[in-house]
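Quick note on our numbering: the sequence shown kicks off at 111 and runs consecutively. A short worksheet on the structure shown next.
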Amino acid sequence: MVNFDLFVIVLGVLAVLLVFMSAKFVPQGREFTVERFGRYTRTLKPGLNIIVPVVDRVGSQMNMMEQVLDVPSQEVITRDNAMVKADGVVFYQVLDAAKAAYEVNQLEYAILNLTMTNLRTVMGSMDLDELLSKRDDINARLLRVVDDATTPWGVKVTRVEIKDIRPPVDLVEAMGRQMKAERDKRANILEAEGLRQAEILRAEGEKQAAILEAEGRREAAFRDAEAREREAEAEAKATQMVSQAIAQGDINAVNYFVATRYVESLEKIATSKNGKLIFMPLEASGVIGAIGGVAELAKQAMNKQGA
């Protein structure tokens, strides 16, 4: 009876062990491959899975999340024989756990060496200037090549990024001098362009000033001519009135005409540069009589207009 009880206890312990051996918990972001007698049969998804104990076993535990792999620095000879050092990173994700486990040995090591080899190939086909200015093109070409090569492994390469490109020290110094010379050249060009624009603006200003000055002289000449024309018309009218009065025998008109010429002659003598001091008889009564004649003429003209 004791032996039977012991047998039942042992059988129960074995049953519990078999249950624990058959239950497999797969965490999120991972997948397990199942092998039966060493041969792959299926893939366990995240969660609780049941396998046949003793017969089945877990083969590989694959990380299905996106992973990053550092590409160490390496020397690359460009197409124009410049030696540079470059490093980068690779982002990849396992899409098929079975292929990643059984199609390639040491998956990360394989991806790393594949990336390093193609990095030298792609960068070696470019000049140094292209290498420094077309980093996006390098990344795109590397991504295309590495992704195509890793597809049979059940891996998707999502990104390949070049972190740093380091030319030799002497090349960096030469590039610095070249950049400084280029900046000095642009600065000189901008300064010359500024001086040119200033000269153009100054010439435009002088041109506008000359135009305005010429227009001012023209307007002044026009007004002077108009004033002289009106003065001549007034003088001609006055002369006509005096002539008519003289023709009618008016003595006042004669006095006015003589007095006008007399006063003009005195004005010319007074403003002459050579004239210093002149003694001449001046009959005040004659001038007053002439002025009276002018008043009489004006009065007669007003009477005629009123009639």
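For glycine and all other residues, C-beta sits at the position ideal for the given N, C-alpha and C. From a predicted model like this one, the values you see are computed outputs, not experimental measurements.
Residue i (DSSP reduced to helix, strand or coil)
i      : result
Asn191 : coil
Ser132 : helix
Val162 : coil
Met351 : helix
Gly286 : helix
Val118 : helix
Leu322 : helix
Glu301 : helix
Glu141 : strand
Glu213 : coil
Asp237 : coil
Val123 : helix
Continuous beta strand (DSSP E) stretch holding residue i: start and end
i      : result
Val270 : Val265 to Arg276
Which residues DSSP lists as bridging residue i, in chain order
i      : result
Arg149 : Arg146
Ala330 : Answer by DSSP bridge pairing: none, since Ala330 is not bridged.
Asp180 : Val199
Gly157 : Val136
Glu185 : Lys195
Met172 : Glu141
Arg167 : Glu145
Val204 : Val265
Residue j beta carbon less than 7 Å from that of residue i
i      : j      : result
Val178 : Val199 : yes
Thr260 : Val267 : yes
Ala220 : Thr153 : no
Met233 : Arg189 : no
Gln176 : Phe135 : Reading off the sequence shown, one finds Glu at residue 176, where the question assumed Gln. Cβ distance not < 7 Å, so Glu176 and Phe135 don't count as in contact.
Pro156 : Gln138 : yes
Val186 : Arg230 : yes
Ala192 : Leu238 : yes
Val256 : Leu217 : no
Ile272 : Ile248 : yes
Val194 : Pro262 : no
Pro163 : Met131 : yes
Met174 : Glu213 : no
Asp431 : Arg149 : Because the chain spans 111 through 417 in this model, residue 431 falls outside it and cannot be assessed.
Alpha helix (DSSP H) segment containing residue i, residue limits
i      : result
Asn223 : Leu217 to Gly234
Val255 : Arg245 to Thr260
Cβ-based burial, residue i [other Cβ within 10 Å; buried from 16]
i      : result
Thr143 : buried
Ile160 : exposed
Ala319 : exposed
Glu292 : exposed
Met172 : buried
Val120 : exposed
Val118 : exposed
Leu158 : exposed
Arg328 : exposed
Glu343 : exposed
Val265 : buried
Chain D contact for residue i (CB, 7 Å cutoff)
i      : result
Val200 : As a matter of chain content, chain D is missing from the structure shown, which is built from one protein chain.
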